[in-house]
Amino acid sequence: EYPSDFAMMAGLTLGSVAAGTPMQGFAPSHQDNMNGEYPLSKTPGGKASHIKRFADYPGGVESFEVYSPPMTTLYSQVWWSPLPPVDLPADIVRRYNGTAMALVGWEVDQVRRTSEGVEKSVPMSASYNHHWDSWLIGAEARVRKVSLSGPDDPAAADLAGRRSGCGAELPWDQPQYVVEGPEWSVRGHPTHAALTSGNGGEFRKTLHGFAPGYALVVDSPAQLQITPMNIDTWNREAMDLAGPVPPPFVAGAGPRAPA
17 EYPSDFAMMA GLTLGSVAAG TPMQGFAPSH QDNMNGEYPL SKTPGGKASH
67 IKRFADYPGG VESFEVYSPP MTTLYSQVWW SPLPPVDLPA DIVRRYNGTA
117 MALVGWEVDQ VRRTSEGVEK SVPMSASYNH HWDSWLIGAE ARVRKVSLSG
167 PDDPAAADLA GRRSGCGAEL PWDQPQYVVE GPEWSVRGHP THAALTSGNG
217 GEFRKTLHGF APGYALVVDS PAQLQITPMN IDTWNREAMD LAGPVPPPFV
267 AGAGPRAPA
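Using the working numbering, the final residue of the sequence shown is 275, and nothing's skipped along the way.
Below is the structure:
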């Protein structure tokens with residue numbers, strides 16, 4: 017068996033209006049959602065008013081993509097380790113330096129690169145995403161890598177409270193990334209924001225977005241940090257990922273008796 021490199025790809029969607037004034041250079045996007053249309057259920061007695069395509073957002077949106085560092089695993093292994101922060105695209109950093117960015121939604125995919133250099137989505141039957149956390153970090157905040165001794169560490173309670181997914185549990189044997197610095201910038205905007213809708217197996221077809229008029233605001237956004245929990249379920253001997261459709265799950269080697 018050989019290890020595989022997977023990466024999380026986040027598409028962040030920006031609203032067209034900041035502080036009531038269109039951002040200079042804003043060009044509304046007409047591209048489709050990253051993962052297709054989102055299925056939404058109508059609230060009984062309510063109005064089906066929420067958009068299913070970000071391109072239909074009132075006033076328009078534009079987006080950019082960020083790739084996480086790779087996760088390398090073998091069949092049956094669990095990746096639950098924070099990934100180092102990555103810089104946002106340079107043009108985004110320049111445009112929003114010294115001002116606030118309004119984030120109206122985000123989309124996520126899990127991808128791999130084939131031996132031919134082609135990027136392909138990784139089916140959930142091959143790498144199951146249990147949950148994920150992420151932070152959008154502005155220039156006035158900073159990220160510090162720390163190692164905790166365990167749940168009794170003085171910093172453990174605060175860090176666990178900032179995470180979603182497996183409750184207050186953390187992979188204590190793994191270094192963690194802590195966002196530090198002032199909560200508010202000198203311009204009165206948040207310096208960082210948690211993208212906490214880190215749902216697992218349904219993450220591709222779940223709408224992570226806000227109703228028009230609402231947004232996450234971050235001053236001078238500069239980096240994104242992602243902490244995924246992934247389970248490698250790809251039986252390399254029986255599941256061919258080269259086909260046009262996701263292969264059904266086929267269990268590989270397992271223990272003689274349950275743990």
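Just so you know, even glycine gets a beta-carbon here, dropped at the ideal spot from N, CA and C. No experiment lies behind these values; they were computed from the predicted model shown.
Backbone CA spacing between residue i and residue j [nearest angstrom]
i	j	result
tryptophan 200	alanine 157	9 Å
alanine 26	alanine 172	27 Å
tyrosine 230	valine 77	13 Å
valine 276	proline 170	This structure does not reach residue 276, given that the chain is present from 17 up to 275, and the question cannot be answered.
glycine 166	valine 233	33 Å
leucine 186	serine 131	34 Å
leucine 240	threonine 89	22 Å
alanine 209	methionine 117	11 Å
histidine 46	glycine 75	12 Å
valine 109	serine 97	26 Å
phenylalanine 265	glutamate 253	12 Å
valine 159	methionine 87	20 Å
tyrosine 73	aspartate 168	46 Å
alanine 43	threonine 249	41 Å
proline 291	arginine 203	With the chain represented from 17 up to 275, any question about residue 291 goes unanswered, as that position is not in the structure.
asparagine 246	threonine 59	32 Å
leucine 56	methionine 50	16 Å
alanine 34	tryptophan 122	Here the model assigns alanine 34 a pLDDT of 42, short of 50, so the residue's position is not dependable, and the following value carries that caveat. Rounded to whole angstroms, alanine 34 to tryptophan 122 spans 17 Å at the Cα level.
tryptophan 188	alanine 176	10 Å
tryptophan 148	aspartate 48	24 Å
lysine 221	phenylalanine 22	19 Å
asparagine 113	arginine 129	32 Å
alanine 227	alanine 273	49 Å
glycine 197	serine 150	17 Å
asparagine 215	glutamine 126	13 Å
glycine 52	threonine 243	24 Å
Coil, strand or helix - residue i by DSSP
i	result
phenylalanine 219	helix
aspartate 169	coil
leucine 152	strand
phenylalanine 265	coil
isoleucine 108	helix
aspartate 189	coil
alanine 116	strand
leucine 56	coil
aspartate 72	helix
aspartate 48	coil
alanine 176	helix
histidine 99	Note on residue identity: the sequence assigns leucine, not histidine, to residue 99. In the structure shown, leucine 99 sits in coil (DSSP, three-state: anything other than H, G, I, E or B).
serine 137	strand
glutamine 93	coil
leucine 132	A quick correction: the sequence has glutamate, not leucine, at residue 132. If DSSP states are grouped into helix, strand and coil, glutamate 132 belongs with coil.
arginine 160	strand
proline 237	strand
leucine 257	coil
isoleucine 242	strand
Sheet register partners of residue i (DSSP bridge)
i	result
methionine 24	Gln126
serine 143	Asp248
serine 79	Thr29
threonine 88	Asp21
leucine 211	Per DSSP, none; premise fails for leucine 211.
glycine 225	Gly121
proline 206	Trp200
Cβ separation of residue i and residue j, assumed to be a contact under 8 Å, to the nearest whole Å
i	j	result
phenylalanine 219	asparagine 145	6 Å
aspartate 235	proline 206	7 Å
tyrosine 54	leucine 223	4 Å
aspartate 225	asparagine 251	This sequence places glycine at residue 225; aspartate is not what is there. Actually they are not in contact, since the Cβ atoms of glycine 225 and asparagine 251 sit about 35 Å apart, beyond 8 Å.
valine 94	methionine 24	Going by Cβ atoms, the distance from valine 94 to methionine 24 rounds to 15 Å, so no, they are not a contact pair.
arginine 211	valine 120	Before going on, a small fix: residue 211 reads as leucine here, not arginine. With 8 Å as the limit, leucine 211 and valine 120 do not qualify as a contact, their Cβ atoms being about 12 Å apart.
leucine 28	serine 92	Their Cβ separation, rounded to whole angstroms, is 32 Å, which puts leucine 28 and serine 92 out of contact at 8 Å.
proline 263	serine 143	12 Å between Cβ atoms; not a contact.
C-beta neighbour in chain C for residue i, strict 8 Å
i	result
alanine 26	Included in the structure is just one protein chain, with no chain C present.
Next on the checklist: Does the stretch 56-70 come into contact with the stretch 152-170, if we say contact requires no fewer than three beta-carbon pairs (one atom in each stretch) closer than 8 Å?
Outcome noted: no
Checklist entry - So, do the stretch 259-266 and the stretch 100-109 have three or more beta carbon pairs nearer to each other than 8 Å? => result no
Checklist entry - Are the stretch 135-142 and the stretch 76-96 touching by the rule of at least three beta carbon pairs closer than 8 Å? => result Taking a cut-off of 8 Å on C-beta distances, the stretch 135-142 does not touch the stretch 76-96, as fewer than three cross pairs fall below it.
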